[in-house]
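Inspection log for the structure reproduced underneath, given as structure tokens.
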Amino acid sequence: MSSPITRRDVLLAGAGLAAASTLPRVAFAQDAGTFRIGTLCPITGAGSPFGSGMQKSIEAIVAEVNAAGGAGGRKLELFNEDSQTKPDAAVLAAKKLIEVNKVQAILGTWSSGVTLAVMPLTEAAGIIEMNCSGAPSISTLDTKDLVWRFQATNDRFGQAFAVIAEKRGYKRPATMAFNNASGIGNAEGFKKAWEKKGGKVVAGVVYEPNRPSYRTELQQVLAQKPDVIVTGSYLPDSTIILREWYQSGQPTQWIMPGWAANPDLVKAVGNEVVEGLISVDSVSNENAQSYKAYGAAYQKAAGKEGSTNVYAAMTWDMVMCLALAMEAAGRGATVAQINAKIRDVANPEGTKVYTFAEGKKLLGEKKKINYEGASSRLDFDQYGDVTPDFGMFVIEKGVLVRRDVISI
Amino acid sequence: MTFIDVVNLLINGCIEGLLIALPTLALTLVMGIARFPNAATGDYMTLSAYAGIGVQALGTTSILLAGLGAIAAGAALSIVFYLWVFRALRGRAPVASLVASIGVAFFARSMLTLFVGHDQHTFAIPLVRAWNFGGIRLLPTDLYVAAVALLAMLLLFAMLHLTPIGRQMRAIADNPDLARACGIRSGRVLLALWATVGVLCALGGMMFGIKAVVSPEFGWELLIPAFAAMIVGGIGSPVGAVVGAVLLGVASELSVPIVGPSYKIAVAFGLLLLVLLVRPRGLFGRALVAR
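These protein sequence lines are chains A and Z, in that order. Per numbering that gives the first Met the number 0, residue 0 is the first one in the first sequence, and the count goes up by one each step. Per numbering that gives the first Met the number 0, residue 0 is the first one in the second sequence, and the count goes up by one each step.
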């Protein structure tokens, strides 16, 4: 049954294709019933320990919102992409989400580099961006107030470092910072906060990535005999620096951010080198009911305790804020109208709520609500930034032990 | 800034320079004999270092065995890519081989990350405290790294100047046509060249891995400093490669008290510009004549 392709067939096929290409738009217009959310979590790359959990957490809360009848009369629809923790890959994925899937919000970007690369695209498209990044510049580059940050800024990390240094009685701190927005942000944040307390930073260096050795930089800092060195660093450079410091034999203490001082660092340099090192990371809002709801859902979705992934708690809150804002903005609201409601539903003044159903009910009664998040109290400042609590972990015999929780 | 600080900086500079000298030698040999800049040099280092890590992962803590594994892997890798890619491009414009070498670099790195991921690795070596001579600190690991680098260079120079294959390499570097007319079989010489390049890269990768951390990008990141060292020293000159690398290392370290650590790399490249202004062919390079 061989039938040759005729010119008519080709024409027909062409006409069919042309018609099909107009379909998505038609479908979209009829499909005002869904709000399209793109996720851009770091499934692979440096963020891979957290990425899949972040995405699963989003899927779980979206299911919960949809089960409660959706938000603002609409169901949420998800489109998942992988940022690969790389700005270039993330930009391609974001373009696809915006142009092909026509998403109205992008959630879950993790590293500052990725968020900074994706922001111009979401801003140009006029859609909401929610991230877990730390770079201070994200606050100021967000000119349309469409970017919401669920992680502490590096500046706030610096403040937490200063509180810890004071509590521990250090007198002569020095700083070492990796030369990028995040590293310098940590060190500068610490310096500002420390000097406000009347202290003085005895030495500070900014060092370059990818060097075989940081002996010279260490020598400069150690020459001032600091009793503690505060870093804005990452895992590879921290490994080299700690090893060279240990070999130099000069005693001092270290305070490092949690993304550098983690079990991988202990594995790389050995228990003896990191004994007593202080690792600081933001901690979830562990006593809130919203955290318990998140924890149960995360356990079910990812098979792990909620506390193993602080970022999954953040992505949980992202969907929650978005859905509550949609509910508050009412039926058929535009992205801009929804965006304008995010502070209204998350910040104080208002009845504290912990779940979507609770919030939806109160909003229906025209009451003001204040969502208390699983990741933090979730009160957005003028830049769309939040202030979580920080955990102080001390490395004891190769294990990170939480010794204190700090609120700034 | 005391005299002792300066001495410490000088030591750091020398060690870093000797480290960079190994890939620089590999670059300059290929440049002189096969006549193209081999952009895959850094990734040969990376893959060899991973081979060393792999040997240690089998359960031994012997750094010597890891080193031997790395050397075998480096030489094999270098020869395979020569036979597979670069041999077919002989006789074409250098830019063909250059572009191919960039492709080889990407290919090698992607295969690596596909199988072992992006996590960093470290060699299992005991950490020892530095020897302290009245403030002048010497790290035993650094001395070890420097000794291996110096020994490798010594062996390389012995090979180039004392053995028939080395003589043939130099003959080809000098004038390929004349060498061929004299009956030198370039196929054999090139195999020896690529094996040597692989060994040099493997040693460089091992030394870097011991001093710093092994990650998929480290070799690629070292390519630019190695290029700079080759150009300062004079393209194609092994002595120049070593002198250039150490000079850049020392200059950037000594500049730290004046310009700070962020700009020390800029100082190295400033020096590169200066050398090129005064002596365009590099310190030990031969004047290029149009043929």
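Each residue gets a CB set at the ideal place from its N, CA and C atoms; glycine is no exception.
Assuming residue i and residue j are in contact, meaning their beta carbons sit under 8 Å apart, how far apart are those beta carbons, in whole angstroms?
i	j	result
residue 46/A	residue 84/A	4 Å
residue 248/Z	residue 22/Z	The Cβ separation is near 13 Å, so there is no contact.
residue 217/A	residue 240/A	6 Å
residue 407/A	residue 278/A	With 8 Å as the limit, residue 407/A and residue 278/A do not qualify as a contact, their Cβ atoms being about 17 Å apart.
residue 77/Z	residue 196/Z	5 Å
residue 107/Z	residue 42/Z	4 Å
residue 160/A	residue 280/A	About 12 Å; that fails the 8 Å criterion.
residue 153/A	residue 181/A	5 Å
residue 65/Z	residue 132/Z	Wrong, their Cβ atoms sit about 30 Å apart, outside the cutoff.
residue 192/A	residue 158/A	4 Å
residue 129/Z	residue 136/Z	4 Å
residue 282/A	residue 309/A	7 Å
Out of curiosity, what's the CA-to-CA distance linking residue i and residue j?
i	j	result
residue 164/Z	residue 230/Z	26 Å
residue 30/A	residue 302/A	Here the model assigns residue 30/A a pLDDT of 47, short of 50, so the residue's position is not dependable, and the following value carries that caveat. About 34 Å.
residue 118/A	residue 246/A	43 Å
residue 401/A	residue 155/A	19 Å
residue 208/A	residue 367/A	48 Å
residue 98/Z	residue 35/Z	10 Å
residue 315/A	residue 39/Z	44 Å
residue 9/Z	residue 260/Z	15 Å
residue 146/A	residue 380/A	12 Å
residue 33/A	residue 149/A	24 Å
residue 190/A	residue 168/A	16 Å
residue 139/Z	residue 13/Z	14 Å
residue 16/Z	residue 150/Z	15 Å
residue 41/A	residue 286/A	28 Å
residue 22/A	residue 70/A	Only weak support exists for where residue 22/A lies, its pLDDT of 45 falling under 50; the value from the coordinates is given anyway. Using only the alpha carbons, I get a separation of about 26 Å.
residue 198/A	residue 223/A	15 Å
residue 155/Z	residue 230/A	42 Å
residue 70/Z	residue 18/Z	16 Å
For residue i, write down the residues that DSSP places opposite it in a beta bridge.
i	result
residue 278/A	255/A and 392/A
residue 117/Z	Paired residues: none, contrary to the question.
residue 40/A	81/A
residue 166/A	In the DSSP output, where bridge partners are listed per residue, residue 166/A has none listed.
residue 403/A	391/A
residue 147/A	129/A
Which residues in chain A have a C-beta closer than 9 Å to the C-beta of residue i? List them in chain order.
i	result
residue 132/Z	Those do not exist, as residue 132/Z stays about 13 Å from chain A at its closest Cβ, beyond 9 Å.
residue 121/Z	238, 242, 266, 267 and 268
residue 261/Z	178, 204, 205, 206 and 207
residue 217/Z	209, 211 and 235
residue 117/Z	43, 44, 45, 47 and 84
residue 7/Z	214, 215 and 218
residue 147/Z	Going along chain A, no residue has its Cβ under 9 Å from residue 147/Z, so there is no contact; the nearest lies around 14 Å.
If we call anything under 8 Å between Cβ atoms a contact, is residue i one with residue j?
i	j	result
residue 321/A	residue 104/A	yes
residue 81/A	residue 93/A	no
residue 409/A	residue 86/A	What the structure shows of chain A is the stretch from 0 to 407, and residue 409/A is not part of that stretch, so it cannot be assessed.
residue 163/A	residue 391/A	yes
residue 48/Z	residue 85/Z	no
residue 370/A	residue 313/A	no
residue 378/A	residue 339/A	no
residue 37/Z	residue 46/Z	no
residue 184/A	residue 135/A	yes
residue 373/A	residue 289/A	yes
residue 56/A	residue 297/A	yes
residue 171/Z	residue 188/Z	yes
residue 20/Z	residue 50/Z	no
residue 300/A	residue 59/A	yes
residue 120/A	residue 97/A	yes
residue 140/A	residue 89/A	no
residue 126/Z	residue 242/A	yes
Along chain A, which residues have their Cβ under 7 Å away from the Cβ of residue i?
i	result
residue 264/Z	207
residue 11/Z	212, 214 and 215
residue 18/Z	211
residue 249/Z	Within 7 Å Cβ-Cβ: nothing; residue 249/Z doesn't reach chain A, min ~11 Å.
Run through chain A and tell me which residues come within less than 8 Å of residue i, C-beta to C-beta.
i	result
residue 212/Z	235, 238, 239 and 267
residue 207/Z	211
residue 4/Z	218 and 222
residue 245/Z	The contacting residues do not exist; residue 245/Z stays about 14 Å from chain A at best.
Show which residues of chain Z have a CB atom less than 9 Å away from the CB atom of residue i.
i	result
residue 134/A	The contacting residues do not exist; residue 134/A stays about 18 Å from chain Z at best.
residue 248/A	128, 129, 131 and 136
Can you name the residues of chain Z whose CB is closer than 7 Å to the CB of residue i?
i	result
residue 216/A	260
residue 245/A	126
residue 272/A	126
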